[in-house]
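Participant: At position 70 of the sequence shown (counting the first as 1) the number is 77 in this note's numbering, and the numbers step up by one without a gap.
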Amino acid sequence: MNTKQKPHVVIIGAGFAGLETARGLANSPVHITLIDKNNHHLFQPLLYQVAIAGLLPSQIAQPVRTIFRKQKNLAFQMGEVTEINLNEKFVKMNGSVIAYDYLVIAAGARTNFFGFDTLEKHGLQLKDLETAVTTRNHLLSMFEQASHEADPEKRKAMLTFVIVGGGPTGVETAGALAELITHVMRKDYPRLNLNEAQVILLEAGPHLIAPYPDELRQATLRLLKDKKVDVRLNTKMQDFNGLRVTLGDGSVIESQTLIWTAGAKAAEIIDALPAEKASMGRVRIQATLSLPQFPEAFVIGDASFLNQWKWSTLAHAFDRGNPARSGGGEEYSSDDGREGAQGISLQRPRSARHGGT
Ligand SMILES: Cc1cc2nc3c(=O)[nH]c(=O)nc-3n(C[C@H](O)[C@H](O)[C@H](O)COP(=O)(O)OP(=O)(O)OC[C@H]3O[C@@H](n4cnc5c(N)ncnc54)[C@H](O)[C@@H]3O)c2cc1C
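This is how it looks when you write it as structure tokens:
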């Protein structure tokens, strides 16, 4: 294949959005370079299972090269994109310059600690394999340390697990951790009094999983209470210093574990992108998912923000049985990479200026 005659599409990120874009272009006359700082695609929704030692990391991560083994128009490069030059149409990765004709930025999101330095230092998070494994190791070490701690106060603090954020990730993690204690740790630590263990879920607002229908919120609350999770609504976390959690009303929870699931913001590479930003640092895109001044540059998935829902533009996605995932309305993170692929396919390919990688 002479890649120089075909438009070069560079996709940053092999998450859900990048992967779908690459797949959507499998039969298009383009040459694709897919870049990710990791060599695997990660199924983030199951990270909490890795954190509670229910799944192995390899069960939720698949090598990108394996996924695209049969896709002849795609080359994968592992590396971190450190610069995007929209005017000159190139990205920089591992010290090399990669020119593009079309760029798809699908770099996702990262944890937002909202400037809480101590929280960032001591808090645990679930965003990638590394943070999930760190969380798992920490949780297991708490049970281990508690098993030979004679001081009841210290032992109780080791067995008190605080999760902040009543969204889906916080709820899942709290429930799974409670089950781990009840079904696994009781058997593994027969001499440890696990009645001392407690899982506390803090939520600043009045509801768990706030965007969901009230019936589901109430059912979720009931299920967590059945599992003995101490759900505290309307409760703000003020600080965490690694030994105690301070709440908004000044009260303190003695605990060495805080799992932060209460915030996300666009990936770091987005920070320097000269584009208009919306909440959480996401890039404001047009209905075509491209940047207003750069029609050949698309931003999709968690890194993007679409504030005008244009049903007509996305109608093709529905025709193909592929409705966009989040509901309509004013805010929309363009989570589906197939829309990005469609955007590229719909534009007339221009001759490539550069020979790809
Ligand atoms: C714990 C957790 C649970 C979730 N549960 C659910 C759920 O149940 N249901 C649901 O619908 N959604 C869930 N989500 C959200 C869902 O995972 C995201 O919406 C989705 O992953 C976004 O896809 P994306 O492609 O935009 O970003 P991501 O999937 O995050 O992919 C971004 C990719 O870009 C790469 N990258 C970033 N920066 C660079 C760079 N500079 N250079 C190279 N590569 C880079 C990253 O390594 C990553 O592979 C969950 C998220 C988390 C964290």
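Cβ atoms here follow ideal geometry from the backbone N, Cα and C, with glycine treated the same way. Bear in mind that the values here come from a model prediction, so they are computed numbers and not experimental data.
1) Report whether the distance from the Cβ of L49 to the nearest heavy atom of ligand 1 is below 8 angstroms.
2) Measuring alpha carbon to alpha carbon, tell me which of G270, R251, H190 ends up nearest A60.
3) Taking 8 angstroms as the cut-off, is the beta-carbon of G310 closer than that to any non-hydrogen atom of ligand 1?
4) What three-state label does DSSP hand H38 in the structure shown?
5) Round the Cβ separation of T142 and L133 to the nearest angstrom and send it over; I've been treating them as touching at under 8 angstroms.
6) List the endpoints of the continuous alpha helix (DSSP H) containing T141.
7) Assuming F120 contacts Y107 under a Cβ cut-off of 8 angstroms, what Cβ separation, rounded to an integer in Å, is found between them?
8) Can you tell which of I266, M85, I277 has the C-alpha that lies nearest to the C-alpha of G249?
9) Residues in the same chain with beta-carbon distance under 6 angstroms from Q152, minus the five sequence neighbours each way, listed in chain order, please.
10) In three-state DSSP terms, what is P70?
11) Applying the criterion that 16 or more other CB atoms from any shown protein chain within 10 Å of the CB defines a buried residue, is A217 buried or exposed?
12) M85 lies in the beta strand (DSSP E); which residues open and close that run?
13) Under the criterion of a Cβ to heavy atom distance below 8 angstroms, does L93 qualify as lining ligand 1?
14) In whole angstroms, what separates the C-alpha of Q225 from that of P213?
15) If you check the beta carbons only, do I39 and A29 fall under 9 angstroms apart?
16) Any heavy atom of ligand 1 closer than 8 angstroms to the Cβ of I292?
17) Relative to ligand 1, is the shortest distance from any of its heavy atoms to the C-beta of L187 smaller than 8 angstroms?
18) Output the distance between the C-alpha atoms of G177 and F123, rounded to the nearest integer angstrom.
19) Assuming A271 and A116 form a contact by the criterion Cβ under 8 angstroms, report the distance between their Cβ atoms to the nearest whole angstrom.
20) Pick from Y196, A68, K232: whose alpha carbon is nearest that of P52?
21) Flag F23 as yes when its Cβ comes closer than 8 angstroms to any non-hydrogen atom of ligand 1, and as no otherwise.
22) For the stretch 277 to 290 and the stretch 251 to 263, state whether three or more C-beta atom pairs, one from each stretch, are separated by less than 8 angstroms.
Facilitator: Taking the definition as stated:
1) Yes, ligand 1 has a heavy atom inside 8 angstroms of this Cβ.
2) Answer by Cα proximity: H190.
3) Sequence inspection shows Ala at residue 310; the Gly mentioned does not correspond to that position. A310: yes, Cβ under 8 angstroms from ligand 1.
4) In this structure, H38 counts as strand in the three-state DSSP scheme.
5) The Cβ separation is near 6 angstroms, so the contact holds.
6) Counting along the chain, the alpha helix (DSSP H) containing T141 begins and ends at 136 to 154.
7) The Cβ separation is near 33 angstroms, so there is no contact.
8) Here the closest residue by C-alpha is I266.
9) Closer than 6 angstroms at the Cβ level, and outside the excluded window around Q152, lie M165.
10) In this structure, P70 counts as strand in the three-state DSSP scheme.
11) A217 is exposed by the Cβ-count criterion.
12) 81 to 85 is the extent of the beta strand (DSSP E) around M85.
13) It does not: the Cβ of L93 is nowhere closer than 8 angstroms to a heavy atom of ligand 1.
14) Q225 and P213: Cα-Cα distance of roughly 11 angstroms.
15) Yes. Within cutoff.
16) I292: no, Cβ never under 8 angstroms from ligand 1.
17) No.
18) Between G177 and F123, the alpha-carbon positions lie close to 19 angstroms from each other.
19) That pair is a contact at about 4 angstroms.
20) Taking only the C-alpha atoms, the option nearest P52 is A68.
21) Yes, Cβ of F23 sits closer than 8 angstroms to a heavy atom of ligand 1.
22) The stretch 277 to 290, when compared against the stretch 251 to 263, does not touch it at the 8 angstroms Cβ threshold.
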